[in-house]
Structures are given as structure tokens and as C-alpha cells.
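The letter at position 66 of the sequence shown is residue 66 when you use the UniProt record's numbering, and the numbering goes up by one with no holes. All C-beta atoms, glycine included, are put in the ideal place defined by N, C-alpha and C. In this text, all values refer to a predicted model and were calculated from it rather than measured experimentally.
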Amino acid sequence: MRDDAIRIESLRKTYIGAKGQPEKQALKGIDLTIPRGSVFGLLGPNGAGKSTMINIMAGLVRKTSGRVTIWGFDQDTNPRQSRAAIGVMPQELNLDPFFTPRGALEVQAGLYGVPKQQRRSDEILEMVGLTDKAHAYARTLSGGMRRRLLLGKALVHHPHILVLDEPTAGVDIGLRQMLWENIRKLNQQGMTIILTTHYLEEAEEMCDEIAIIDQGEVVARDSTANLLGRLDAKSMVVHPASPVETLPQGAGITADLRDDGAVLLRYHGNTTSAEEVLAAVHAAGISIRDVKTAEADLEDVFLALTKSG
Ligand code: ADP
Ligand code: MG
């Protein structure tokens, strides 16, 4: 149990609606453990409850009920230690416009009680590529620079766990790559990373394990590889040498003629082999000019599991 980075039990959050608004059950009894050392993805459509969950972990939103344990510390009985174990890069770009990046890091370090000699503001600025903006006012920073500064702020107190809420939503490719490099490096140094994203490719590439959240509930939680294997859906596209007259037939194979004249064949890898699919193509009198295969990606899994996806 002490080996979990995060342990969440029966976590519920109901937002009380503002005037005339109904209340909103954002989390409906979440149970989730996140192992130490992993890059863990929280995936789900907008409104699923990802930010609510993260903000509760970070101590920024008050839970309605349930139990949250961070690095072995119960949030209610050990609020100080549990807060010290986690750093959060929030989804919103809110920064005090009157602080410089260096000033903002120093203030943040002060808030977390990091002694002066243990601060490493310059090292963090270097890491997030803001050394030359160290003394610029935050209001003069671009959106990308602000995001990098928020990453820096999440790191000032040397947390065991770094949580990133939609770190790459709306950022350009250069910044995205820089963020990913930083995240990988931090993870290699032993930091547990939790990130939310609705970019499936990103989760597929970055995360060891994934929980899919939909409408306040965990609908799947597995290693990325297992989640991908779960659907076991494969497809093959055959470009014929001449127009197709008869579509291939066979048990476990569905064939469709595409607008471009190619044949799309779908099958399950567990029960049907590529060889059988190709045999069905030959049996239909089709000579193959070119053939491509594809595996299910996370998007297929996601669509299969989320009602709103
Ligand atoms: P996600 O990050 O997955 O997009 P959120 O956690 O932001 O989801 O939101 C989950 C649900 O809770 C949504 O329906 C959202 O509208 C609602 N919600 C979030 N924050 C508040 C709030 N402060 N007051 C009322 N409802 C909220
Ligand atoms: Mg969110």
C-alpha cells in the first residue's frame, strides 16, 4: 500500500449549482491506485471529471466524500505531507502578471517552505527554457512561456509526483516536444507523472498505464498495451490490380468496398489470421496490387468504452 503514489477510494464530488443551476455530480465514487514511478494517463472526454480529480489530489478542490492518500499520507489527517508530495501544473494559465518568472518561482518556493539554500530557481528556469526571460514581467510572456513557467512552479518543492492537467492542449509542436522531453527526463529521474489529455496519440505514446474516465466514473484502467490489445481489432486494406467484382467472404471477416476501389477487411487477430484473410481475397478472384494492415488504436478503445466519446 505504501508503494502507491496515489490511492483514491470511493471519491465523490458534487458541485453545488450556482443560483438556479442544478448540482453536478462530477465524481461518482472513484477507486483508483496509481503506482510509483509510472507515467499514468487520465483520459476522458471534456467534462468527464479529470480536472476535478486532479484538483482534489492537489488540495485545490474540496472533495464531497471518499479518501485520498498521496505518497502514503492521508490527505485529511496529513494535509501538509500529502501536499508536499505533489506538484500540479494546472489547466488554466493563471499567473500573477506582476511577477517575473524568477520571482514567481521564488514566491512559490516560499509558499512551500523550501529553504533558500535548497531553492533551484535558476536550474528550473534553465530546464523549462526561460533563462533569458527570468526577469521579464509575466504579462509580457507568450502563452507557451506561461505554460512552461507553470511547469517550473509545479517543480519548486521537489515533489515525488508531478501532475499535468492537459499540458499540451493548444500548444505548438515545438513546445509540445519540449514538454514531453522534460516529462520523460523527470520520470527517468524517478518522478511519478500523472497527466490528463484528450489527445489519444499522446497517451498512447507517453503513458505506461491509463485510466479512462467518463461521466465521473472510471470505465477502464489498464496498461496501455493491454487496453490496446483488448479490442484486438485489426484491419487490412487491399488495393486490387483491377476493379473488384466480388467481395471476399469468410468466417470472422467483414469486407467493404471503399470509394477509392480498395477493399477494407476487418477481422479479429485472436480468431482469424492474416493468411486466412488473404486466402479469402484470392478466393474472390482479386489480385493484389498493394496491401496495408492496421491495429486498433486507443481511439477505438476509447470510443468503445465512453458513452460520450
Ligand atoms: P474535465 O477536466 O474532465 O473536462 P471537469 O472536472 O473540469 O472535467 O468537470 C467535470 C464536471 O463538473 C463538468 O460537468 C463540469 O461542468 C463540472 N464542474 C467543474 N467545475 C465546476 C464548478 N466549479 N462548479 C460547478 N460545476 C463544475
Ligand atoms: Mg479539465
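(request) Just jot down, in chain order, the residues whose CB lies closer than 5 Å to any heavy atom of the ligand ADP. (result) Y15, K24, A26, N46, G47, A48, G49, K50, S51 and T52
(request) Going by CA-CA distance only, name the one from G261, L11, G29 and I56 that's closest to R83. (result) As a first step, residue 83 is located in the sequence shown; it is residue number 83 there, counting from the start. Ranking G261, L11, G29 and I56 by Cα distance to R83 puts I56 first.
(message) I'd like to know whether the C-beta atoms of R139 and L125 end up nearer to each other than 8 Å.
(response) In the sequence shown, residue 139 corresponds to position 139, counting from 1. In the sequence shown, residue 125 corresponds to position 125, counting from 1. Against a cut-off of 8 Å, the Cβ pair of L125 and R139 comes out as no contact.
(message) My output table needs one value for D122: the three-state DSSP class, helix, strand or coil.
(response) For the purposes of this step, residue 122 is taken as residue 122 along the sequence shown, with counting starting at 1. The answer is helix: DSSP assigns D122 an H, G or I state.
(request) Reducing DSSP to helix, strand and coil, say where K63 ends up. (result) The residue you call residue 63 lines up with position 63 of the sequence shown. It is coil, neither helix nor strand.
(message) Does the beta-carbon of Q91, which I'm using as the reference point, lie nearer than 7 Å to any heavy atom of the ligand MG?
(response) Taking the sequence shown and counting its residues from 1, the one referred to as residue 91 is at position 91. Because some heavy atom of the ligand MG lies under 7 Å away, the Cβ of Q91 counts as near it: yes.
(message) Please classify N270 as buried or exposed, where buried requires at least 16 other C-beta atoms within 10 Å of its C-beta.
(response) Sequence index remark: in the sequence shown, residue 270 carries index 270 (1-based). Flag for N270 reads exposed.
(message) For L257 and K234, what's the separation of their Cα atoms in angstroms?
(response) As a working note, residue 257 is residue 257 in the sequence shown. As a working note, residue 234 is residue 234 in the sequence shown. Each residue's Cα considered, the two are about 17 Å apart.
(request) Please report the Cβ distance between G174 and R148, rounded to the nearest whole angstrom; I am assuming they are in contact, meaning their Cβ atoms lie under 8 Å. (result) The sequence position of residue 174 within the sequence shown is 174, counting from 1. The sequence position of residue 148 within the sequence shown is 148, counting from 1. The pair is not a contact, with the Cβ atoms about 11 Å apart (cut-off 8 Å).
(message) Helix, strand or coil, according to DSSP, for I6 in the structure here?
(response) Against the sequence shown, residue 6 aligns to sequence position 6. Looking at I6 - three-state DSSP - the assignment turns out to be strand.
(message) For H268, would you say it is in contact with chain C, using Cβ-to-Cβ distances shorter than 8 Å as the test?
(response) You won't find chain C in this structure, because it holds only one protein chain.
(message) Could you check if E166 belongs to the surroundings of the ligand MG, using beta carbon to heavy atom distance under 7 Å?
(response) What you label residue 166 is simply residue 166 of the sequence shown in a count that begins at 1. Checking the Cβ of E166 against the ligand MG gives yes.
(message) So, with DSSP's three-state summary, where would you put M206?
(response) For the purposes of this step, residue 206 is taken as the residue at position 206 of the sequence shown. If DSSP states are grouped into helix, strand and coil, M206 belongs with the helices.
(request) Check whether the Cβ atoms of V156 and V238 lie closer than 8 Å to each other. (result) Indexing the sequence shown from 1 puts residue 156 at position 156. Indexing the sequence shown from 1 puts residue 238 at position 238. Not closer than 8 Å, so no.
(request) Apply the 10 Å Cβ neighbour rule to N226 and answer buried if 16 or more other Cβ atoms are within range, or exposed otherwise. (result) Numbered from 1 along the sequence shown, position 226 holds the residue referred to as residue 226. N226 should be labelled exposed.
(message) If I follow the unbroken alpha helix (DSSP H) through K153, where does it start and stop?
(response) For the purposes of this step, residue 153 is taken as residue 153 along the sequence shown, with counting starting at 1. K153 -> alpha helix (DSSP H) spans G143 to L155.
(request) Can you tell me which of the three DSSP states D96 falls into? (result) To locate residue 96, count along the sequence shown from 1; it is residue 96. Coil, per DSSP.
(request) Determine the DSSP secondary structure at P35, reduced to helix, strand or coil. (result) The residue labelled residue 35 in the question sits at position 35 within the sequence shown. Strand, per DSSP.
(request) Throw me the rounded Cβ distance for the K24 and Y15 pair, which I believe falls under 8 Å. (result) Residue mapping note: residue 24 aligns to position 24 of the sequence shown, counting from 1. Residue mapping note: residue 15 aligns to position 15 of the sequence shown, counting from 1. Yes, they are in contact, since the Cβ atoms of K24 and Y15 sit about 4 Å apart, within 8 Å.
(message) Distance check for A241 and H268, CA to CA, integer angstroms please.
(response) For the purposes of this step, residue 268 is taken as residue 268 along the sequence shown, with counting starting at 1. For the purposes of this step, residue 241 is taken as residue 241 along the sequence shown, with counting starting at 1. Taking the straight line joining both Cα atoms gives about 26 Å.
(request) Inspect the beta-carbon positions of K13 and T77 and report whether they are closer than 8 Å. (result) Locating residue 13 in the sequence shown gives position 13, where the first residue counts as 1. Locating residue 77 in the sequence shown gives position 77, where the first residue counts as 1. No, they are not a contact pair.
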